[in-house]
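Q: Positions in the sequence shown are counted from 1; adding 4 to them yields our numbering. Positions of the beta carbon are idealized from the N, C-alpha and C atoms, including for glycine. Dumping the structure here so I can ask a few things about it.
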Amino acid sequence: MTSSPQGAGQDAISRASSRISGTSQPRSVARGQLFHSHTKGHGLAQHYENILVEQRGRVGLVTLNRPQALNALNKATMEEVVAATTAMDADPAVGAVVITGSEKAFAAGADIKEMSAKGYVEMYAADWFRGWESLTRLRIPVVAAVSGFALGGGCELAMMCDVIIAGDNAKFGQPEINLGVIPGMGGSQRLTRAVGKAKAMDMVLTGRMMDAAEAERAGLVSRVVPAASVVEEALKAAEVIASKSKPAAMLAKEAVNAAFELGLAQGVLFERRMFHSLFATEDQKEGMAAFSEKRQPEFNHR
């Protein structure tokens, strides 16, 4: 949850401007334009107010676009992110997704103005944040490209992704304690699983921020790159993932995630059954044939 980073200075945060990073020219892009599904060779363009959506080869790119609020995550923004990524997940032409923000802020937290005056009954009855975790149920891999602040809901959003590539200016934190609340989008649970109880307890109880170097050492992020190239590097990683067999990539993601829910013996058995199941795919035959013939495989994602 939460919005303003502790110790960074509220005035400095308010004055910060967002500059969206980019790399190669996308196949199609327009402000707020919904991803076009190619399942039937066409798609109706829908429009969003808070995100930019592009397709670059087999990679979908979602950019949070609320610069005036340092990409604070209000309900409308998260609903749009979920809708866009769900469309990508259903599209056979997409093998991976990248979610990013601006150079100054991936997302500085949830939108406090939207919830500050609400009471318990309203929050509980509306089941606030319900549906946001739909991102964790996407079957294709999701890469977070994090530059600047990823605080509260922003940190939680990054942790919902499968891979986090951080710019060297990234700062992560769960400072909800400073607002008299606790994380509400899974921060206490996913952060503990990522960095362990000691680090997570420290961050959740004090609200302190963790810089990119510490986040990499702690296991929160996959790799750290120069801030200016974080989107480019995330797209490269996503392109590599999307070039693999899509059924294999989806099952690989499922198998790794199962490690957090299953005991070791059950997890190994689950992995083995997933391994066996891939022998029903054309890609398995192509991949092993290509290895034997010392050539690159040409996967058809079936």
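(1) For the structure I just gave you, are there three or more beta carbon pairs, one from the region 49–60 and one from the region 130–150, closer than 8 Å?
(2) DSSP puts Val-101 in a beta bridge; with which residues?
(3) Within 10 Å of its beta-carbon, does Arg-134 have 16 or more other beta-carbons around it, so buried, or fewer, so exposed?
(4) State the Cα-Cα distance for the pair Arg-276 and Val-63, rounded to the nearest angstrom.
(5) What is the rounded straight-line gap between the Cα of Glu-58 and the Cα of Ile-181?
(6) Assuming Ala-88 contacts Val-102 under a Cβ cut-off of 8 Å, what Cβ separation, rounded to an integer in Å, is found between them?
(7) Please state whether the Cβ-Cβ distance between Asn-69 and Gly-158 is less than 9 Å.
(8) Threshold first: 3 residues or longer. Then list the beta strand (DSSP E) segments lying entirely within the region 112–169, N to C.
(9) For the structure I just gave you, are there three or more beta carbon pairs, one from the region 238–248 and one from the region 133–147, closer than 8 Å?
(10) Tell me whether the beta-carbon of Asn-78 lies closer than 9 Å to the beta-carbon of Glu-107.
(11) Should Ala-216 and Asn-261 be called a contact, given that it needs their Cβ atoms to be closer than 9 Å?
(12) Who are the Cβ neighbours of His-42 in its own chain at under 7 Å, not counting the five residues just before and after it?
(13) What do you reckon, are the CB atoms on Glu-218 and Val-229 nearer than 9 Å?
(14) Pick helix, strand or coil for Gln-300, following the three-state DSSP scheme.
(15) Would you mind giving the Cβ-Cβ distance between Ala-204 and Ser-192, rounded to the nearest angstrom? I have them listed as a contact below 8 Å.
(16) If you check the beta carbons only, do Thr-81 and Ile-55 fall under 9 Å apart?
(17) Counting C-beta neighbours from all protein chains within 10 Å, is the total for Gln-72 16 or more, i.e. buried, or is it exposed?
(18) State buried or exposed for Gln-29, treating a residue as buried only when at least 16 other CB atoms are found within 10 Å of its CB.
(19) Per DSSP, what kind of secondary structure is Leu-56 in: helix, strand or coil?
(20) Based on Cα-Cα distance, which residue from Lys-250, Glu-258, Ala-294, Phe-295 lies nearest to Ala-100?
(21) When you compare only the Cα positions, how much space is there between Phe-110 and Gly-152?
(22) Is the CB-CB distance between Val-208 and Gly-223 below 9 Å?
(23) For Lys-307, which three-state DSSP category applies?
(24) What first and last residue would you give for the beta strand (DSSP E) that runs through Gly-315?
(25) For Arg-227, list the residues DSSP reports as bridge partners.
(26) Count the other CB atoms within 10 Å of the CB of Leu-195; is the residue buried (16 or more) or exposed (fewer)?
A: To lay it out plainly:
(1) no
(2) Working through the sequence shown from its first residue, we reach residue 101 at position 97. Note: Val-101 sits in a beta bridge opposite Gly-64, Val-146.
(3) What you label residue 134 is simply residue 130 of the sequence shown in a count that begins at 1. Exposed: under 16 other Cβ atoms inside 10 Å.
(4) On the sequence shown, position 272 is the one that residue 276 refers to. On the sequence shown, position 59 is the one that residue 63 refers to. So the two alpha carbons sit approximately 29 Å from each other.
(5) Here the question's residue 58 lines up with position 54 in the sequence shown. Here the question's residue 181 lines up with position 177 in the sequence shown. If I take the Cα positions, the gap works out to 36 Å.
(6) On the sequence shown, residue 88 is found 84 positions in, with the first residue counted as 1. On the sequence shown, residue 102 is found 98 positions in, with the first residue counted as 1. At roughly 12 Å, the Cβ-Cβ gap does not stay under 8 Å, so Ala-88 and Val-102 are not in contact.
(7) The count along the sequence shown starts at 1 and reaches residue 69 at position 65. The count along the sequence shown starts at 1 and reaches residue 158 at position 154. No, these two residues do not count as a Cβ contact at 9 Å.
(8) 146–150, 153–155
(9) yes
(10) Sequence index remark: in the sequence shown, residue 78 carries index 74 (1-based). Sequence index remark: in the sequence shown, residue 107 carries index 103 (1-based). No, the Cβ-Cβ distance between Asn-78 and Glu-107 is not below 9 Å.
(11) In the sequence shown, counting from the first residue as 1, residue 216 sits at position 212. In the sequence shown, counting from the first residue as 1, residue 261 sits at position 257. Going by C-beta atoms, Ala-216 is not nearer than 9 Å to Asn-261.
(12) The residue you call residue 42 lines up with position 38 of the sequence shown. With a pLDDT of 39 at His-42, under the threshold of 50, the modelled position of that residue is not reliable, and the figure given next carries that caveat. Within the same chain, His-42 has close Cβ partners Asp-95, Ala-97.
(13) Taking the first residue of the sequence shown as position 1, residue 218 is located at position 214. Taking the first residue of the sequence shown as position 1, residue 229 is located at position 225. Contact: no.
(14) For the purposes of this step, residue 300 is identified with residue 296 of the sequence shown, where counting begins at 1. Of the three classes helix, strand and coil, the one that applies to Gln-300 here is coil, per DSSP.
(15) Translated into the one-based positions of the sequence shown, residue 204 becomes position 200. Translated into the one-based positions of the sequence shown, residue 192 becomes position 188. The pair is a contact, with the Cβ atoms about 7 Å apart (cut-off 8 Å).
(16) Here the question's residue 81 lines up with position 77 in the sequence shown. Here the question's residue 55 lines up with position 51 in the sequence shown. In contact: Thr-81 and Ile-55 (Cβ atoms closer than 9 Å).
(17) Here residue 72 is taken as the residue at index 68 of the sequence shown, counted from 1. Exposed is the call here.
(18) Translated into the one-based positions of the sequence shown, residue 29 becomes position 25. Any answer about Gln-29 is weak, because its pLDDT of 40 lies below 50 and its placement is not dependable; what the coordinates show is given next. Under this definition Gln-29 is an exposed residue.
(19) For this step, residue 56 is matched to residue 52 along the sequence shown. Three-state DSSP puts Leu-56 in a strand.
(20) Numbered from its first residue, the sequence shown carries residue 100 at position 96. Comparing Cα-Cα distances from Ala-100 to each of Lys-250, Glu-258, Ala-294, Phe-295, the minimum goes to Lys-250.
(21) Taking the sequence shown and counting its residues from 1, one reaches residue 110 at position 106. Taking the sequence shown and counting its residues from 1, one reaches residue 152 at position 148. C-alpha separation (whole angstroms): 6 Å.
(22) Taking the first residue of the sequence shown as 1, we reach residue 208 at position 204. Taking the first residue of the sequence shown as 1, we reach residue 223 at position 219. No, the pair does not count as a contact, with Cβ atoms beyond the cut-off.
(23) In the structure as shown, the chain begins at 5 and stops at 306. Residue 307 is therefore absent and cannot be evaluated.
(24) Residue coverage of the chain in this structure runs from 5 to 306, which leaves residue 315 outside it and unanswerable.
(25) Along the sequence shown, one-based indexing puts residue 227 at 223. DSSP lists Ile-169 as partners of Arg-227.
(26) Looking up residue 195 in the sequence shown gives position 191. It counts as buried.
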